[in-house]
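Engineer: This is the structure I want to talk about, given as structure tokens.
There are 2 protein chains.
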Amino acid sequence: MRTREKSFELVATDAQTKARAGLLRTAHGIVETPVFMPVATQGAIKALDHRTLRTLSYSLLLANTYHLYLRPGQQVLERFGGLHRMMRWDGAILTDSGGFQVYSLGSLRRVFDDGVEFRSHIDGSRHIFTPESVVAQQRSIGSDIMMAFDECIGYPASRQEAERALVRSLTWERRCWEAHCSQPFLYGYRQQLFGIVQGGAFADLRRTCIEELCSIPFDGYAIGGLAVGEPVELMYELTNRSTDLLPSDQPRYLMGVGTPQNILRAIALGVDMFDCVMPTRNARNGTLFTTRGRFNIRNQRFKCSDEPIDPAWEELGVEPYSLGYLRHLFVSGEILGLMIATWQNLAFYRWLVRTAREKILDGTFRQWSQQFLEQFYPDQQGERSILE
Amino acid sequence: MRTREKSFELVATDAQTKARAGLLRTAHGIVETPVFMPVATQGAIKALDHRTLRTLSYSLLLANTYHLYLRPGQQVLERFGGLHRMMRWDGAILTDSGGFQVYSLGSLRRVFDDGVEFRSHIDGSRHIFTPESVVAQQRSIGSDIMMAFDECIGYPASRQEAERALVRSLTWERRCWEAHCSQPFLYGYRQQLFGIVQGGAFADLRRTCIEELCSIPFDGYAIGGLAVGEPVELMYELTNRSTDLLPSDQPRYLMGVGTPQNILRAIALGVDMFDCVMPTRNARNGTLFTTRGRFNIRNQRFKCSDEPIDPAWEELGVEPYSLGYLRHLFVSGEILGLMIATWQNLAFYRWLVRTAREKILDGTFRQWSQQFLEQFYPDQQGERSILE
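Residue numbers (the working numbering), protein chains in the order written: chain A, 36 to 423; chain B, 36 to 423.
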């Protein structure tokens with residue numbers, strides 16, 4: 036069995052919180068952590084081109100195995116020599132295992148001990164995912180970081196459900212590891228494999244899961260099955276307990292999270308990696324994340340505003356389009372509106388985690404994040420008192 | 036009455052055709068002609084950002100008075116100090132007068148001697164355009180080049196219809212000129228006003244129109260009412276007769292044209308300026324214009340192609356995305372597909388007119404354009420034998 040090759044380097048740990056700054060080495064470059072991964076579901080960020088991603092210094096994208104399996108499919112991906120070459124993206128790529136997508140299909144899927152049978156959301160055709168097939172797909176994609184196949188459950192779920200899903204997840208994740216180790220590199224470079232912590236809302240089940248997963252030399256660990264409807268304080272509590280138990284020399288990834296507040300809070304709890312559709316999806320309905328707060332650009336009050344969307348546009352790496360112009364584009368249904376809003380939101384998320392890292396390194400993370408959130412959520416006491 | 040200030044400089048005239056190279060001075064920069072103007076109907080090129088326009092060295096956009104009148108409206112535009120400032124676009128802008136849009140509304144409009152009453156395509160509200168109101172709107176927009184208000188008729192149209200529309204157009208255009216001259220500059224810079232040649236498919240009516248228009252010191256002349264369904268050879272014939280009559284020291288603009296072949300042919304007939312939705316609209320349904328020809332990217336044959344969309348990508352100023360990737364984006368419904376295709380098509384159109392200008396200057400325009408079209412339309416004898 037392949038032994039662990041060290042890909043993560045812990046650079047600094049904050050003295051006042053559990054926040055960490057690190058470096059994650061991948062076959063396609065070094066990624067500074069904390070990192071936010073924009074979501075490129077089908078191998079493309081919606082409404083953003085590669086050049087803008089580079090302008091924003093994004094170095095790690097997330098793509099979805101489920102979607103890429105359906106389109107363009109394993110055969111096309113292999114003909115290209117993987118997704119990086121197909122996209123002509125020379126940064127790093129992480130792929131989820133399809134577990135969460137299949138969970139999201141609801142009535143279109145059936146879970147067995149051996150895997151999941153589901154119907155395609157595109158044409159209703161039947162497919163089966165097993166731990167081995169999911170590894171094979173992620174090999175075809177050639178992602179720098181592959182995720183193990185797990186069973187994700189919703190919230191609330193009974194202890195019995197959570198236990199059954201945990202046992203399945205552990206079995207599947209071990210099979211993923213074995214499938215991964217039994218084969219040579221497909222494209223000449225090493226792919227990493229992360230395990231995923233499950234166990235629902237039950238802290239003891241999550242502890243058991245972590246203990247079992249740590250016996251497998253995964254390259255990193257994700258905290259899965261959160262942000263599925265549970266109260267946010269429970270999410271923080273379960274995250275906090277998980278980071279207490281996870282090995283400190285491995286990267287930790289909180290899947291599907293979240294708001295600026297969620298991210299800063301989870302960084303303070305020792306999480307290194309994040310992904311979320313929020314900045315991109317919300318951009319497309321006109322919700323902007325800026326250094327002056329969050330707002331919807333369709334609001335009448337922006338009609339004649341000549342101010343740039345974000346006063347910190349230069350630092351963020353965006354163009355100084357005016358609020359009034361962007362509002363006009365949204366009201367008029369122009370695609371350029373989606374493009375500018377997406378650019379702004381991903382610039383903001385990139386700025387947020389990059390600044391968090393700087394503040395961890397200079398020892399001011401706690402004060403800075405508290406101050407930032409008070410300013411970002413001026414009317415929401417609950418949302419901003421996050422680090423207590 | 037204001038006298039003509041010379042804004043156009045004829046730099047070279049081709050010896051073998053009527054093609055010309057010129058310079059058009061505007062309040063927002065000098066534009067090299069022949070020029071293709073991308074269409075920014077509502078103040079935005081669909082699926083293309085300003086940065087990409089600058090990358091492609093586009094210096095003159097076309098926006099639509101009718102659309103900007105409805106949204107964001109004259110009041111908002113004036114609050115911004117005009118469209119340039121609202122868009123933060125420092126290149127030049129030409130606005131059509133709304134005549135063609137109102138014509139396109141069909142049953143939603145009624146034409147009177149004094150102007151046009153129409154219903155908004157957005158909410159059905161009633162509005163009236165007169166020559167004076169159309170000038171006022173273009174003043175609020177602050178376009179570098181305003182177009183006179185004309186009555187556009189379809190093809191075929193009877194001689195009687197064409198005559199009536201011609202008389203109206205001439206009256207309206209003179210009123211536009213008077214309204215334009217009677218007022219000081221709104222934003223501190225000079226706006227130009229172009230007249231529009233009408234007369235349907237009747238060469239003698241068009242001759243009369245040109246003679247009348249030339250008594251008004253317009254800054255340039257557009258050939259209007261073509262590309263509305265007439266045979267393409269008739270369009271060339273009427274264009275050829277018009278450029279024979281139009282003053283050689285003024286710019287000539289063939290409105291709403293066209294395909295690469297149409298443009299090269301019209302350049303050979305002495306036209307300087309073009310606009311068309313073709314490169315942008317077709318991009319959004321997957322039709323690409325490239326230096327290797329025109330094709331639809333959804334075609335199965337591109338599924339596994341690792342080749343760049345255009346082998347001349349570097350010269351064109353586009354990114355070397357692969358054919359297979361772009362096909363995947365279209366098949367998957369990704370906005371990035373529309374963005375890349377639009378970028379490619381506008382890069383191609385820019386390259387086409389820029390190269391035409393270079394060839395006019397070095398005296399090889401005729402050979403080059405013949406050769407280019409043979410290669411661009413390899414299977415279409417009719418489309419490529421254009422310069423005979």
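Even for Gly, the Cβ is constructed at its ideal location relative to N, Cα and C. For clarity, every value in this text was computed on a predicted model and none was experimentally measured.
From Pro314/A, Gln109/A, Leu91/A, pick the residue whose C-alpha is nearest to that of asparagine 99/A; which is it?
Structural biologist: Gln109/A
Engineer: Would you tell me roughly how many angstroms separate the C-alpha atoms of glutamate 186/A and leucine 201/A, rounded to the nearest one?
Structural biologist: 7 Å
Engineer: Taking 8 Å as the threshold (beta carbon to beta carbon), is alanine 131/B in contact with chain A?
Structural biologist: Correcting the residue identity first, residue 131/B is aspartate in this sequence and not alanine. Not one chain A Cβ lies under 8 Å of aspartate 131/B.
Engineer: Give the interface partners of serine 367/A over in chain B, defined as CB-CB distance under 7 Å, in chain order.
Structural biologist: Per Cβ cutoff of 7 Å: Gln77, Arg106.
Engineer: Over the uninterrupted beta strand (DSSP E) stretch that includes glycine 57/A, give me the two end residues.
Structural biologist: That run of the beta strand (DSSP E) goes 55–61.
Engineer: Run through chain B and tell me which residues come within less than 7 Å of histidine 85/A, C-beta to C-beta.
Structural biologist: Glu354
Engineer: Determine the contact status of glycine 230/A and isoleucine 251/A, defining contact as a CB-CB distance below 8 Å.
Structural biologist: yes
Engineer: Given this structure, state the Cα-to-Cα distance separating glycine 141/B from glutamate 67/A, to the nearest angstrom.
Structural biologist: If I take the Cα positions, the gap works out to 59 Å.
Engineer: Which whole runs of the alpha helix (DSSP H) in the segment 65–120 of chain A are 4 residues long or more, in chain order?
Structural biologist: Here the runs fully enclosed are 85–90, 100–105, 109–115.
Engineer: In whole angstroms, what separates the C-alpha of arginine 203/B from that of isoleucine 188/B?
Structural biologist: 12 Å
Engineer: For leucine 304/B versus serine 404/B, is the C-beta spacing smaller than 8 Å?
Structural biologist: It is not a contact, given that the beta carbons lie outside the stated cut-off.
Engineer: Who are glutamine 227/B's beta bridge partners in DSSP?
Structural biologist: Ile180/B
Engineer: Identify whether arginine 333/B lies in helix, strand or coil by the three-state DSSP scheme.
Structural biologist: coil
Engineer: Are glycine 57/A and glutamate 40/A touching if we call contact CB-CB under 8 Å?
Structural biologist: no
Engineer: Measure how close the beta-carbons of aspartate 179/A and isoleucine 128/A come, nearest whole angstrom, since I'm counting them as under 8 Å.
Structural biologist: At roughly 6 Å, the Cβ-Cβ gap stays under 8 Å, so aspartate 179/A and isoleucine 128/A are in contact.
Engineer: Between arginine 276/A and the rest of its own chain, which residues show a CB-CB distance below 6 Å, the 5 nearest in sequence each way excluded?
Structural biologist: Ala238
Engineer: Could you please give me the residues that DSSP links to tyrosine 222/A through a beta bridge?
Structural biologist: Beta-bridge pairing links tyrosine 222/A to no other residue.
Engineer: What residue from Gly255/B, Pro191/B, Trp348/B, Ser94/B has the CA that sits closest to leucine 269/B's CA?
Structural biologist: Pro191/B
Engineer: Could you have a look at phenylalanine 43/B and say whether DSSP puts it in helix, strand or coil?
Structural biologist: The answer is strand: DSSP assigns phenylalanine 43/B an E or B state.
Engineer: Would you tell me roughly how many angstroms separate the C-alpha atoms of glutamate 246/A and glutamine 195/A, rounded to the nearest one?
Structural biologist: 20 Å
Engineer: Who are the near neighbours of threonine 70/B in its chain, counting only those whose CB is closer than 8 Å to its CB and skipping five residues on each side?
Structural biologist: First, the amino acid is wrong: residue 70/B is valine here, not threonine. So the qualifying residues of the chain are Leu59, Ser94, Leu95, Asp307, Met308, Phe309, Val388.
Engineer: Tell me the DSSP secondary structure of glutamate 354/A in three-state form.
Structural biologist: coil
Engineer: Quick one: list the residues of chain B neighbouring methionine 374/A, beta-carbon separation under 8 Å, in chain order.
Structural biologist: Ala82, Asp84, Ile370, Met374
Engineer: Which residues of chain B have a Cβ atom closer than 8 Å to the Cβ of arginine 89/A, listed in chain order?
Structural biologist: None at all; the shortest Cβ gap to chain B is about 10 Å.
Engineer: I'd like to know if serine 178/B contacts chain A, where contact means its C-beta is closer than 8 Å to some C-beta of that chain.
Structural biologist: no
Engineer: Would a check of beta-carbon distances place serine 160/B closer than 8 Å to chain A?
Structural biologist: no
Engineer: Kindly indicate if chain B contains any beta-carbon less than 8 Å away from that of phenylalanine 337/A.
Structural biologist: no
Engineer: Helix, strand or coil: which one does DSSP assign to phenylalanine 309/B?
Structural biologist: If DSSP states are grouped into helix, strand and coil, phenylalanine 309/B belongs with the strands.
Engineer: For chain B, find out if any of its Cβ atoms is closer than 8 Å to the Cβ of aspartate 341/A; answer yes or no.
Structural biologist: yes
Engineer: Alpha carbon to alpha carbon, how far is proline 346/B from alanine 262/A? Give it in angstroms, no decimals.
Structural biologist: 46 Å
Engineer: How many angstroms separate the CA atom of leucine 422/A from the CA atom of leucine 97/A?
Structural biologist: Here leucine 422/A scores only 46 on pLDDT, less than 50, and its place in the model should not be relied on; the value that follows carries that caveat. Rounded to whole angstroms, leucine 422/A to leucine 97/A spans 28 Å at the Cα level.
Engineer: On the three-state DSSP scale, how would you describe isoleucine 395/B?
Structural biologist: helix
Engineer: What three-state label does DSSP hand glycine 328/B in the structure shown?
Structural biologist: strand
Engineer: Using 8 Å as the Cβ pair cut-off and three pairs as the minimum, do the segment 168–183 of chain B and the segment 203–221 of chain B touch?
Structural biologist: yes
Engineer: Please state the DSSP three-state secondary structure of leucine 387/A.
Structural biologist: helix
Engineer: Can you name the start and end residues of the alpha helix (DSSP H) that tyrosine 138/B belongs to?
Structural biologist: 134–139
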